[in-house]
Amino acid sequence: MIELEGLERRFGDRVALEGITLDVPEGATLAVLGPNGAGKTTLLRVLAGLLRPHGGRVRVAGADLPRERWRIPARVGYLGHDALLYRELSGRENLSYHAELHGVDGDRVEELLAAVGMGRRADEPLRDLSRGMVQRLAVARAVLHDPPLLLLDEPRSHLDPGVGEALEPLIGRGSGRTRVLASHDVDGALDEADLALGLRGGRQAFAGVATAAQARELYR
Amino acid sequence: MIRAARAILVKDLRLELRTKESVPAMTLFTVTVYVLFHFGLDRDTLEGSLASGVLWVTLLLAAVVGVARLFAAEREQGGIDGLLLAPVDRTALFVAKAAALFLFLCAVEIVALPAFALLLLGPDLLEPLPRLLPILLLANAGLAAVGALVAALATATRAPELIMPLLLLPLLVPVLIGAAEASEPLLRDDPVADRLGRWLGLLTLYDVVFVLLSVAVFDYLLED
């Protein structure tokens, strides 16, 4: 599902990612670990087609990036730090807007509002909702078009523990999707991952099966 | 593309109805500038080229206010990423933003023209109004096309509020010339449609060129 060979990405002269090489098979979960500024978010944005790779070979969901970027949106769901929703619109209006962009019908919006537990407050503008509720709507937005690949950047931030469990069928292992999960929660991420990628200063510290001790080394 | 453009336009109009950020600010700006001209020129009535110049320079500057806010929600709330993550032609964003700005300008002019007539215009506005309408519509289309293009370009820079007017105003000079020249004979005491077709032709040509140019380059403006 994801094949990277020597991926590079720079911001001006600063190297954000360098020499990233890994394979993530279909249905697997990859945990991306590393301290702040290690390149986790940059990696996810490259995989989502939001940033162009500057070097190496990048193949995501059957599309070679950046040449076939247009093929990515239909196959990838991205949940980043920003909810990518409008504060003045309600949850229902926001999801309906994204559904229309993705060519998804309105029933899917109602189904997801119920699944994330936002059915009752779906008509309130986002500015009146808590950060956790907005995050639930962001989860619904990310899976609206039922993508086979999910790119999740700290997906459980701001969520109550019980809510996190309720979202498992959508973004958890039970969703059956290939997942890339960037997280600071080393134990939690390794628990649900099949593979791990350790990043330090934009470089690959390890890739493949990793132990918690190896992962904690990244933060020292 | 049409489906996506419609969705973006409906979203933008809904946001404007909720926030009331652009149209009220543009309208207030326009009326305020007419009041300033009223006192600054120390004249109750204008006609001909002076009336036409005051009318169009003010509307152009009001458009700058609207263009400055055109991509605000996208910039501040991640709307561009949301669009790039959807399987839609990026031209849909240009079409929707230009259509939104066109409608905003029309809404502003519903208030601005009577205010201009009341505060500054000597001749009656009602008589030349039917012939002013095509000038307004063509000028609005040009302002909207160039405004959407420049707003997207400026959004990609570090200081969009500085870059935007510097890029926009020189590009709008042909619209100003065409609209002011076309309006001038209509705003005389004895209005005539002198050389109207020629100036309408210039405005139409400008609109066609900039719509085609914008469609051709808009995709690249959103590239990282």
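Residue numbers (the numbering used here), protein chains in the order written: chain U, 1 to 220; chain S, 1001 to 1224. By construction, the Cβ of each residue, glycine as well, lies at the ideal position given by its N, Cα and C atoms.
Residue i - DSSP class collapsed to helix/strand/coil
i, result
"Tyr-86 of chain U", "coil"
"Phe-1094 of chain S", "helix"
"Val-104 of chain U", "coil"
"Val-1192 of chain S", "coil"
"Arg-67 of chain U", "coil"
"Asp-1219 of chain S", "helix"
"Pro-125 of chain U", "strand"
"Val-32 of chain U", "strand"
"Arg-59 of chain U", "strand"
"Leu-1009 of chain S", "helix"
"Leu-1120 of chain S", "coil"
"Phe-1102 of chain S", "helix"
"Glu-1181 of chain S", "helix"
"Thr-1157 of chain S", "coil"
"Phe-1029 of chain S", "helix"
"Ile-1135 of chain S", "helix"
"Ala-182 of chain U", "strand"
"Ile-171 of chain U", "helix"
Counted within 10 angstroms of its Cβ, other Cβ atoms place residue i as buried (16 or more) or exposed
i, result
"Ser-228 of chain U", "What the structure shows of chain U is the stretch from 1 to 220, and residue 228 of chain U is not part of that stretch, so it cannot be assessed."
"Pro-223 of chain U", "The shown model of chain U, from 1 to 220, leaves out residue 223 of chain U, and the question about it has no answer."
"Lys-40 of chain U", "buried"
"Ile-1002 of chain S", "exposed"
"Val-1209 of chain S", "exposed"
"Val-1217 of chain S", "exposed"
"Thr-42 of chain U", "buried"
"Lys-1011 of chain S", "buried"
"Tyr-1220 of chain S", "exposed"
"Tyr-97 of chain U", "buried"
"Arg-220 of chain U", "exposed"
"Gly-176 of chain U", "exposed"
"Pro-1114 of chain S", "exposed"
"Pro-1039 of chain S", "Here residue 1039 of chain S is Phe; the residue named in the question, Pro, does not match the sequence. Looking at its Cβ environment, which holds fewer than 16 other Cβ atoms inside 10 Å, Phe-1039 of chain S is exposed."
"Leu-1056 of chain S", "The sequence given here places Trp at residue 1056 of chain S; Leu does not occur at that position. Buried, by the Cβ-count rule."
"Glu-168 of chain U", "exposed"
Neighbour list for residue i in chain S, Cβ cutoff strictly below 8 Å
i, result
"Ala-196 of chain U", "Ordered by position in chain S, no residue passes the 8 Å Cβ test against Ala-196 of chain U, which lies about 25 Å from the chain."
"Glu-8 of chain U", "None at all; the shortest Cβ gap to chain S is about 14 Å."
"Asp-82 of chain U", "Gln-1077, Gly-1078 and Asp-1081"
Where residue i meets chain U, residues with beta-carbon distance less than 8 Å
i, result
"Arg-1158 of chain S", "Ordered by position in chain U, no residue passes the 8 Å Cβ test against Arg-1158 of chain S, which lies about 12 Å from the chain."
Closest Cα partner of residue i within the set the options
i, options, result
"Ile-1008 of chain S", "U:Ala-61, U:Leu-85 and U:Gly-49", "U:Leu-85"
"Leu-112 of chain U", "U:Leu-89, U:Asn-94 and U:Pro-125", "U:Asn-94"
"Arg-216 of chain U", "U:Asp-105, U:Leu-17, U:Gly-34 and U:Gly-19", "U:Gly-34"
"Pro-1134 of chain S", "S:Asp-1207, S:Pro-1170 and S:Pro-1160", "S:Asp-1207"
"Thr-1041 of chain S", "S:Val-1211, S:Asp-1189 and S:Leu-1121", "The question names Thr, yet the displayed sequence has Leu at residue 1041 of chain S. For Leu-1041 of chain S, the nearest C-alpha among the options comes from S:Leu-1121."
"Leu-1187 of chain S", "S:Leu-1171, S:Pro-1174, S:Asp-1219 and S:Arg-1131", "S:Arg-1131"
"Met-1 of chain U", "U:Gly-27, U:Arg-14 and U:Ala-182", "U:Gly-27"
"Leu-22 of chain U", "U:Gly-12, U:Gly-174 and U:Leu-7", "U:Leu-7"
"Ala-83 of chain U", "U:Arg-136, U:Gly-106 and U:Arg-69", "U:Arg-136"
"Asp-1081 of chain S", "S:Ala-1156, S:Leu-1129 and S:Ala-1112", "S:Ala-1156"
"Asn-1140 of chain S", "S:Ala-1115, S:Leu-1125 and S:Ile-1110", "S:Ile-1110"
"Asp-64 of chain U", "U:Leu-4, U:Gly-103 and U:Val-209", "U:Leu-4"
"Glu-1181 of chain S", "S:Thr-1091, S:Ala-1115, S:Ala-1145 and S:Arg-1198", "S:Arg-1198"
"Arg-1018 of chain S", "U:Val-60, U:Val-15, U:Leu-44 and U:Ser-90", "U:Ser-90"
"Val-180 of chain U", "U:Gly-106, U:Asp-194 and U:Arg-69", "U:Asp-194"
"Asp-128 of chain U", "U:Leu-152, U:His-98 and U:Arg-87", "U:Arg-87"
"Val-1211 of chain S", "S:Leu-1028, S:Gln-1077, S:Ala-1092 and S:Leu-1083", "S:Ala-1092"
"Leu-1153 of chain S", "S:Leu-1055, S:Leu-1202 and S:Phe-1094", "S:Phe-1094"
"Leu-1136 of chain S", "S:Leu-1171, S:Leu-1167, S:Asp-1124 and S:Leu-1176", "S:Leu-1176"
"Pro-125 of chain U", "S:Ala-1005, S:Ala-1004, S:Arg-1014 and S:Pro-1174", "S:Arg-1014"
Sequence-distant residues of the same chain with beta carbon closer than 8 Å to residue i, five excluded per side
i, result
"Asp-160 of chain U", "Gly-132"
Other residues of its chain near residue i: CB distance less than 7 Å, five sequence neighbours each side excluded
i, result
"Met-1026 of chain S", "Ala-1062, Val-1065, Gly-1066, Phe-1104 and Val-1108"
"Pro-1165 of chain S", "Val-1064"
"Arg-92 of chain U", "Val-109, Leu-113, Ala-122 and Asp-123"
"Arg-1090 of chain S", "Phe-1218, Asp-1219 and Leu-1222"
Partners in chain U for residue i, counting only beta-carbon separations shorter than 7 Å
i, result
"Thr-1019 of chain S", "Glu-88"
"Ala-1073 of chain S", "Tyr-86"
"Lys-1097 of chain S", "Those do not exist, as Lys-1097 of chain S stays about 15 Å from chain U at its closest Cβ, beyond 7 Å."
CB contact check: residue i to chain C, cutoff 8 Å
i, result
"Val-1088 of chain S", "As a matter of chain content, chain C is missing from the structure shown, whose protein chains are U and S."
Contact list for residue i against chain U, beta-carbon separation under 9 Å
i, result
"Ala-1152 of chain S", "Within 9 Å Cβ-Cβ: nothing; Ala-1152 of chain S doesn't reach chain U, min ~16 Å."
"Arg-1003 of chain S", "Glu-100, Leu-101 and Gly-103"
"Arg-1069 of chain S", "Chain U residues near Arg-1069 of chain S: none, gap ~13 Å exceeds 9 Å."
Chain S contact residues for residue i, given Cβ-Cβ distances below 7 Å
i, result
"Ala-48 of chain U", "Leu-1085"
"Arg-57 of chain U", "Ordered by position in chain S, no residue passes the 7 Å Cβ test against Arg-57 of chain U, which lies about 19 Å from the chain."
"Ala-74 of chain U", "Pro-1087"
"Tyr-78 of chain U", "Leu-1085"
"Gly-153 of chain U", "In the sequence as displayed, the identity of residue 153 of chain U is Asp instead of Gly. In chain order: nothing, as chain S lies at least about 12 Å away."
Partner residues on chain S for residue i, Cβ-Cβ distance less than 9 Å
i, result
"Leu-17 of chain U", "What Leu-17 of chain U touches in chain S: nothing, since even the nearest Cβ is about 14 Å away."
"Leu-51 of chain U", "Asp-1224"
"Leu-112 of chain U", "Per Cβ cutoff of 9 Å: no residues; Leu-112 of chain U is ~16 Å from chain S at best."
Contact set for residue i: own chain, Cβ-Cβ below 6 Å, skip 5 residues either direction
i, result
"Pro-1185 of chain S", "Val-1192 and Asp-1194"
"Thr-1045 of chain S", "Gly-1122"
"Ala-1144 of chain S", "Ala-1098, Leu-1101 and Phe-1102"
"Val-173 of chain U", "Strictly speaking, residue 173 of chain U in this sequence is Arg, with Val absent from that position. Only Glu-192 meet the Cβ criterion."
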